[in-house]
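Under this note's numbering, the first residue of the sequence shown carries the number 4, and numbering increases by one thereafter.
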Amino acid sequence: MGKRIVVTGAAGALGKAVIAALTSQGHDIVGIDIGDAPEGAGAFVGGVDLTDEASTRSAFERIARDGPIHGLANIAGGFVWETVADGDLASWQRMFAMNVVTALNASRAALPFLGSGASIVNIGAAATARAGTGMGAYTASKSGVARLTEALAEEVKDRTIRVNAVLPSILDTPANRADMGEADADKWVKGEELSAVIAFLLSDAASAVTGASIPVTGRV
Numbered sequence: 004m005g006k007r008i009v010v011t012g013a014a015g016a017l018g019k020a021v022i023a024a025l026t027s028q029g030h031d032i033v034g035i036d037i038g039d040a041p042e043g044a045g046a047f048v049g050g051v052d053l054t055d056e057a058s059t060r061s062a063f064e065r066i067a068r069d070g071p072i073h074g075l076a077n078i079a080g081g082f083v084w085e086t087v088a089d090g091d092l093a094s095w096q097r098m099f100a101m102n103v104v105t106a107l108n109a110s111r112a113a114l115p116f117l118g119s120g121a122s123i124v125n126i127g128a129a130a131t132a133r134a135g136t137g138m139g140a141y142t143a144s145k146s147g148v149a150r151l152t153e154a155l156a157e158e159v160k161d162r163t164i165r166v167n168a169v170l171p172s173i174l175d176t177p178a179n180r181a182d183m184g185e186a187d188a189d190k191w192v193k194g195e196e197l198s199a200v201i202a203f204l205l206s207d208a209a210s211a212v213t214g215a216s217i218p219v220t221g222r223v
């Protein structure tokens, strides 16, 4: 039986891949993004600043008026490569806002509308295991996503709501290929591969999995 699932960051490369995977399984998807709906998008709420609590809450209230919400995939986020010594404090603040606050606001806004058996999936990062040069701001924020995932999973487990995260390595996206042209993209994680894991965590087959951060690293 199909579920009604909200996907944030729906206009991005991974958001589109997740929507395609979930739609192919018969789910009813509602996309959310700060931008406009991409061509061919189905149900979509655009112009939503997920770093703004009121804007996020309003979007979910609107979605809930049209039907129940069974799942949430927090795909919205961002990346920066910048050393600690030569970087900018604003980059750390921006990474926290894009990666932690967006997931926090969306999860909090969705919770009143999630019933027993519902699931939330966040996007962490495999790089949080050990931050390398230039990865401080990004991995610090993604470490925050892991802690958010764990804390929320504990808070809602008695409601039989599950909260998990996936930890991808390098995603094979047009942007990453442009930025890392000399790298071997065949080793990277494909959007459809990560989407398959996200779809599993949103499904009833993962009913015993909560509070987990699952590495999805390809051959990196």
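The beta carbon of each residue, even a glycine, is placed where N, CA and C say it ideally should be.
Keep in mind that this is a model prediction, so the values were computed, not measured.
- Closest in C-alpha terms to G45, from the list E153, D55, I32 and A57, comes I32.
- In the displayed model, A40 falls within coil according to three-state DSSP, outside both helix and strand.
- When the alpha-carbon of A40 is set against those of Q28, E56, A16 and R150, the nearest one is in A16.
- Between the beta-carbon of I217 and that of V200 there is about 6 Å, and that keeps the pair under the 8 Å contact cut.
- When beta bridges are read from the DSSP output, R165 appears opposite S122.
- Within the DSSP secondary-structure output, P177 pairs in no beta bridge.
- Rounded to the nearest angstrom, the gap between the Cα atoms of V51 and H73 is 20 Å.
- Looking only at I164, D187 and A129, the smallest Cα-Cα distance to L197 is reached by A129.
- Residue range L92 to M98 is occupied by the alpha helix (DSSP H) that includes R97, with no beta strand (DSSP E) assigned at that position.
- Of the other Cβ atoms in all chains shown, fewer than 16 fall within 10 Å of the Cβ of R133; this residue is therefore exposed.
- In the DSSP assignment, N108 falls within the alpha helix (DSSP H) that extends over T105 to A113.
- Of V166, P171, S122 and A109, the smallest CA-CA separation from K145 is found for P171.
- With respect to the 8 Å criterion, A100 and T54 are classified as neighbours on the basis of their beta carbons.
- Beta bridge pairing from DSSP links P171 with V219.
- For the 8 Å CB-CB criterion, L174 and A106 do not form a contact.
- Classified as exposed, T86 has fewer than 16 neighbouring CB atoms from the shown chains inside 10 Å of its CB.
- In the structure shown, the three-state DSSP call for G139 is helix.
- With a 10 Å radius around the Cβ and a threshold of 16 neighbouring Cβ atoms, M98 comes out buried.
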